[in-house]
Amino acid sequence: MTDLSRREFAALAAAAAASPFIGSAAAVQIRPAINPPDDRFFRQTLPRLMDATGAPGLAAGIVQNGTLVWETYEGLGEAGTTRAIAAETLFPAASLGKPVFAYAALRLAEQGQLDLDRPLKSYVPDHAPADARGDKVTARHVLSHTSGFRNWRNAADEPLVPEFDPGSRFQYSGEGFYYLSRAVEKITGRAVQRFMEESLFLPFGMPSSSYAWRDDTETRLVLGHNRGALARPPSREFSNRLFAHAKSLGRPLASFTHEELVAAMTAMKPAPRPLPNFIPTNVAGSLMTTVGDYGRFLARLLSPRGAAHEVTLKMRAQMLAPRVRLNRALAWGLGWGLETAGGRDYIWHWGDNGTIKNFVLAHVPSHSAVVVFTNDARGMRIAEAIVKAASGHDHVAFDWLG
88 MTDLSRREFA ALAAAAAASP FIGSAAAVQI RPAINPPDDR FFRQTLPRLM DATGAPGLAA
148 GIVQNGTLVW ETYEGLGEAG TTRAIAAETL FPAASLGKPV FAYAALRLAE QGQLDLDRPL
208 KSYVPDHAPA DARGDKVTAR HVLSHTSGFR NWRNAADEPL VPEFDPGSRF QYSGEGFYYL
268 SRAVEKITGR AVQRFMEESL FLPFGMPSSS YAWRDDTETR LVLGHNRGAL ARPPSREFSN
328 RLFAHAKSLG RPLASFTHEE LVAAMTAMKP APRPLPNFIP TNVAGSLMTT VGDYGRFLAR
388 LLSPRGAAHE VTLKMRAQML APRVRLNRAL AWGLGWGLET AGGRDYIWHW GDNGTIKNFV
448 LAHVPSHSAV VVFTNDARGM RIAEAIVKAA SGHDHVAFDW LG
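Per this note's numbering, the very first residue in the sequence shown carries number 88; after that it's consecutive.
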């Protein structure tokens with residue numbers, strides 16, 4: 088077994104785009120580029136980092152050839168308690184929910200239901216005001232973060248309009264993903280959480296994953312911290328109240344569409360503004376999941392089985408092809424960041440809810456990946472150290488994140 092050279096990688100990518108077989112775990116046997124960190128890392132580096140940052144806990148996993156081959160759970164889900172982080176612990180995935188939703192949206196496109204190049208305005212006429220630039224925004228723009236939308240609006244009088252011509256450059260936008268989720272709801276006639284359950288969570292074996300609050304969320308979900316000090320956000324209390332409101336109506340919160348969520352939020356006092364950034368069920372940032380569940384998603388992405396709910400190798404090649412360049416080392420595909428580091432090409436994404444910091448890195452040719460969840464504002468330092476230990480070198484993606 089040998090590593091792939093850059094020339095071999097290019098040949099493999101071309102073959103993957105043309106063949107429905109290339110990309111399976113058995114198609115190309117090479118040494119995994121991402122491996123479990125060694126014992127010395129856990130004896131020396133990790134304890135020092137957790138002490139220096141004050142991070143109470145973390146969870147991490149390594150995927151190789153379609154299997155979660157290694158996982159670790161360290162510390163506490165809530166400082167000052169005995170709530171040890173374990174396999175069943177839920178983490179707010181934050182923006183790591185974006186690649187998951189992107190995958191399901193691209194499968195919908197393959198089924199002929201979502202046109203990646205059709206303006207989203209034609210699916211959801213009421214979501215954004217009439218605007219010469221905004222009327223051109225498509226799903227492809229959203230998934231590549233070239234829509235021109237800002238990340239989030241925080242006031243009702245801020246119109247949802249692009250700040251530049253769609254497709255002309257990169258600008259990270261959660262608003263764009265929420266807009267696309269509304270289009271998916273209109274196309275499928277289902278709440279986006281129900282769509283995700285049926286199209287991905289259930290067939291991929293991800294029973295703990297949800298963008299919507301559930302009965303077991305409060306007891307399983309870690310709390311965020313800042314240098315080890317507990318930081319319980321107001322949004323958590325509101326999510327519990329909204330969940331109880333839905334329950335009083337005899338309905339699971341997972342079945343609420345955008346319109347129903349806004350109506351419920353408007354009726355509750357006090358409540359956050361019913362803008363996407365404050366709506367609890369949000370594909371751009373509200374995914375709650377476990378290392379095991381997210382590992383199973385990565386396994387199906389990297390080692391597809393040819394199942395009905397998977398994207399084809401042709402669509403995966405589109406997903407992972409560069410659409411816009413950020414700098415010499417980084418680009419963006421459809422739902423994923425792309426990085427060249429250490430002579431290899433990786434895909435990556437991060438998650439950041441302020442007091443939650445997460446990261447995922449995958450090497451597609453060797454079917455290997457690492458995912459890290461932390462529950463502290465300085466957890467990205469820990470994620471960077473684990474990713475470096477697992478891949479064997481530094482990654483400029485962390486420099487770009489700052």
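Note that CB positions come from ideal geometry on N, CA and C, so glycine has one too.
Bridge pairing for H450: S455 [DSSP]. Ranked by Cα distance from L374, the first of A299, Y259, V451 and P216 is A299. About 5 Å separates the beta carbons of T159 and A147, which is inside the 8 Å limit, making them a contact pair. L389 has its alpha-carbon roughly 14 Å from the corresponding atom of H396. Here Y266 carries a helix assignment [DSSP, helix/strand/coil]. For P321, the three-state secondary structure derived from DSSP is helix.
A386 has its alpha-carbon roughly 12 Å from the corresponding atom of M293. Going by DSSP, W487 is part of the alpha helix (DSSP H) stretching over V483 to L488. Taking a C-beta distance under 8 Å as the contact criterion, P124 and A477 qualify as a contact pair. In this structure, the beta-carbon distance from G221 to P249 falls below 8 Å. Comparing alpha-carbon positions, the option among E175, G199 and F365 lying closest to V398 turns out to be G199. In the DSSP annotation of this structure, the continuous segment of the alpha helix (DSSP H) that includes E346 starts and ends at H345 to A354.
For the pair of segments examined, the region 187-194 was found to touch the region 403-423: the number of CB pairs separated by less than 8 Å reaches three. In the DSSP secondary-structure assignment, Y381 is not bridged to any residue.
The Cβ-Cβ distance between T376 and S295 falls below 8 Å.
For the pair F264 and T233, the CB atoms are not nearer than the 8 Å cut-off. Judged by DSSP secondary structure, Y298 falls outside any alpha helix (DSSP H); it is assigned neither H nor E.
Taking all protein chains in view, the Cβ of T225 is crowded by 16 or more other Cβ atoms within 10 Å, so the residue is classified as buried. Secondary structure at A418: strand, using DSSP grouped into helix, strand and coil. Between A215 and Y266 the beta-carbon gap is near 7 Å, inside 8 Å, which marks them as a contact. Assignment of D432 by DSSP, reduced to helix, strand and coil, places it in the strand class. If you look at T376, you'll find it in the beta strand (DSSP E) that goes L374 to T376. Three or more Cβ pairs closer than 8 Å define a contact, and the region 150-157 falls short of that threshold against the region 400-413. In the structure shown, the three-state DSSP call for Q200 is coil.
Ranked by Cα distance from F485, the options R338, L448 and D126 are led by L448.
Distances from the alpha-carbon of L417 to those of F460, L488 and R205 put L488 closest. DSSP places E305 in no beta strand (DSSP E) but in the uninterrupted alpha helix (DSSP H) bounded by T304 to R307. Cα atoms of P367 and F384: separation of roughly 22 Å, rounded to the nearest angstrom.
Cβ-Cβ distances below 7 Å link A171 to L163 in the same chain, with the five nearest sequence neighbours on each side left out; the list follows chain order. Here V458 has A147, G148, V378, Y381, G382, L385 and V447 as same chain residues with Cβ atoms under 7 Å from its own Cβ, once five neighbours each way along the sequence are excluded. By the C-beta density criterion, P212 is exposed, having fewer than 16 other C-beta atoms within 10 angstroms.
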